[in-house]
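K.L.:
This is the structure I want to talk about, given as structure tokens.
Numbering (our numbering), first residue to last: 11 to 276.
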């Protein structure tokens, strides 16, 4: 897999630039795919380490926003994730959030993939319906959310109220928001359109779809349609905002995923 500017943690001989490894004994392995305007750091606030401690080795991938000297598109993200699967070299459950969940869905026919956990996912239909509705009902929020391609740290402070639930301390929300931005505009535009996501009857993988009860960006009906596409039913965690893995209640989310993984195929 091409290097994308990050080094492995000290002592992790198995990792290479571009991915960081949370070692544990168990199967399947997990590949974490972050959402728009974020980075692998969203999983490293405790989430990936928690699941590694439960026996599921985790790999955190930072998606490179440039490909061949141009803004990366969704296909470039898929290529990066596919290369990561090849490096891991064992059965993998994809854990994707938002835009990363859309990338995960496009990989469900990969032989190494035995399942997927989709958190607040962009559905196979793309974001055109959700974005149109948001633009009509809350144009200010739509404009803020559309700026995820702006430089890191330039997001308006009000966006924190959109991304997080009411339980998130305001100071922490602002600190996390300051780390966000820099998304590829090409990827954001492509995500508005329907995607080549295989239907559940075709890929046959087990899929867990989890929505955030307080998500203002990915509507509940979009999450339900995503689950229906994959032949399952969506579950919703009350009180959580869009960035579920960073909310104060993230241990409950991790526990639900751990429970599901214990029944996932090897």
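Cβ atoms here follow ideal geometry from the backbone N, Cα and C, with glycine treated the same way.
Just so it is clear, the structure is predicted and the values come from calculations on it, not from any experiment.
(1) Suppose you measure from the CA of residue 24 to the CA of residue 113; what does that come to, to the nearest Å?
(2) Give me the Cβ distance between residue 102 and residue 41, rounded to the nearest whole Å; I'm assuming they're in contact under 8 Å.
(3) What does residue 30 pair with, by DSSP beta-bridge criteria?
(4) What residue does the beta strand (DSSP E) around residue 42 start on, and which one ends it?
(5) Report the three-state DSSP secondary structure of residue 76 (helix, strand or coil).
(6) Compare the Cα-Cα distances from residue 226 to each of 162, 262, 144 and report the closest residue.
(7) So, is residue 230 buried or exposed, given that buried needs 16 or more other C-beta atoms within 10 angstroms?
(8) Could you spell out where the alpha helix (DSSP H) holding residue 113 opens and where it closes?
(9) How would you label residue 130, buried or exposed, when you count the other beta carbons within 10 angstroms and need 16 or more for buried?
(10) If we ignore side chains and look at the alpha-carbon of each, how far apart do residue 151 and residue 159 end up?
(11) Can you list, in chain order, the residues of its chain with a C-beta nearer than 6 Å to that of residue 83? Leave out the 5 residues immediately preceding and following it.
(12) If you follow the beta strand (DSSP E) that residue 222 is part of, which residue opens it and which one closes it?
(13) When you compare the CB positions of residue 257 and residue 204, do they come within less than 8 Å of one another, or not?
(14) So which of 191, 139, 162 has the shortest CA-CA distance to residue 202?
(15) Under the assumption that residue 43 contacts residue 106 (Cβ atoms under 8 Å), give the Cβ distance between them as a whole number of angstroms.
(16) Going by beta-carbon coordinates alone, are residue 210 and residue 188 separated by less than 8 Å?
(17) Give me, in chain order, the residues of the same chain whose beta-carbon lies closer than 7 Å to that of residue 58; leave out the 5 immediate sequence neighbours on both sides.
(18) Tell me the rounded alpha-carbon separation between residue 240 and residue 148.
(19) With a 10 Å radius around its C-beta and 16 neighbouring C-beta atoms as the bar for buried, classify residue 265 as buried or exposed.
(20) Given residue 155, which residues of its chain have a CB within under 8 Å of its CB, disregarding the five upstream and five downstream residues?
(21) Return the residue from the list 249, 245, 28 that minimises the CA-CA distance to residue 91.
(22) Going by alpha carbons, who is nearest to residue 55 out of 270, 63, 260?
(23) Where does residue 125 sit, in a helix, a strand or coil, going by DSSP?
P.N.:
In short:
(1) For the purposes of this step, residue 24 is taken as residue 14 along the chain shown, with counting starting at 1. For the purposes of this step, residue 113 is taken as residue 103 along the chain shown, with counting starting at 1. Here the model assigns residue 24 a pLDDT of 43, short of 50, so the residue's position is not dependable and the matter cannot be decided.
(2) Taking the first residue of the chain shown as 1, we reach residue 102 at position 92. Taking the first residue of the chain shown as 1, we reach residue 41 at position 31. Contact annotation, residue 102 with residue 41: C-beta distance approximately 5 Å; criterion of less than 8 Å satisfied.
(3) Locating residue 30 in the chain shown gives position 20, counting from the first residue. In DSSP, residue 30 forms a bridge with 70.
(4) In the chain shown, counting from the first residue as 1, residue 42 sits at position 32. Counting along the chain, the beta strand (DSSP E) containing residue 42 begins and ends at 39 to 43.
(5) Mapped onto the chain shown, residue 76 falls at position 66. Looking at residue 76 - three-state DSSP - the assignment turns out to be strand.
(6) Counting from 1 along the chain shown, the entry for residue 226 is found at position 216. The shortest Cα separation from residue 226 among 162, 262, 144 belongs to 144.
(7) Stepping through the chain shown from its first residue, residue 230 is reached at position 220. The C-beta of residue 230 has fewer than 16 other C-beta atoms within 10 Å across all chains shown, which makes the residue exposed.
(8) Within the chain shown, numbered from 1, the residue matching residue 113 stands at position 103. Note, residue 113: alpha helix (DSSP H), 109 to 115.
(9) Residue numbering aside, residue 130 sits at position 120 when the chain shown is read from its first letter. Per the 10 Å Cβ criterion, buried.
(10) Within the chain shown, residue 151 is the residue found at index 141, counting from 1. Within the chain shown, residue 159 is the residue found at index 149, counting from 1. Their Cα atoms are separated by approximately 15 Å.
(11) If you number the chain shown from 1, residue 83 lands on position 73. The answer, listed in chain order, is 196, 197, 200.
(12) Numbered from its first residue, the chain shown carries residue 222 at position 212. Residue 222 -> beta strand (DSSP E) spans 216 to 222.
(13) In the chain shown, counting from the first residue as 1, residue 257 sits at position 247. In the chain shown, counting from the first residue as 1, residue 204 sits at position 194. Their beta carbons are not under 8 Å apart, which means residue 257 does not touch residue 204 by this criterion.
(14) Numbered from its first residue, the chain shown carries residue 202 at position 192. Sorting 191, 139, 162 by C-alpha distance to the C-alpha of residue 202 places 139 at the top.
(15) Counting from 1 along the chain shown, the entry for residue 43 is found at position 33. Counting from 1 along the chain shown, the entry for residue 106 is found at position 96. Taking the Cβ atoms as the reference, residue 43 lies roughly 4 Å from residue 106, within the contact range of under 8 Å.
(16) Within the chain shown, the letter at position 200 stands for residue 210. Within the chain shown, the letter at position 178 stands for residue 188. The answer is no: Cβ separation not under 8 Å.
(17) Looking up residue 58 in the chain shown gives position 48. Only 32, 42, 68, 70 meet the Cβ criterion.
(18) The residue given as residue 240 occupies position 230 in the chain shown. The residue given as residue 148 occupies position 138 in the chain shown. In a straight line, the C-alpha of residue 240 is about 30 Å away from that of residue 148.
(19) Looking up residue 265 in the chain shown gives position 255. Exposed: under 16 other Cβ atoms inside 10 Å.
(20) Numbered from its first residue, the chain shown carries residue 155 at position 145. 144, 169, 172, 227.
(21) Within the chain shown, numbered from 1, the residue matching residue 91 stands at position 81. The candidate whose alpha carbon is nearest that of residue 91 is 28.
(22) If you number the chain shown from 1, residue 55 lands on position 45. Restricting attention to 270, 63, 260, the CA atom closest to the CA of residue 55 is found in 260.
(23) Your numbering for residue 125 matches position 115 in the chain shown. Three-state DSSP puts residue 125 in a strand.
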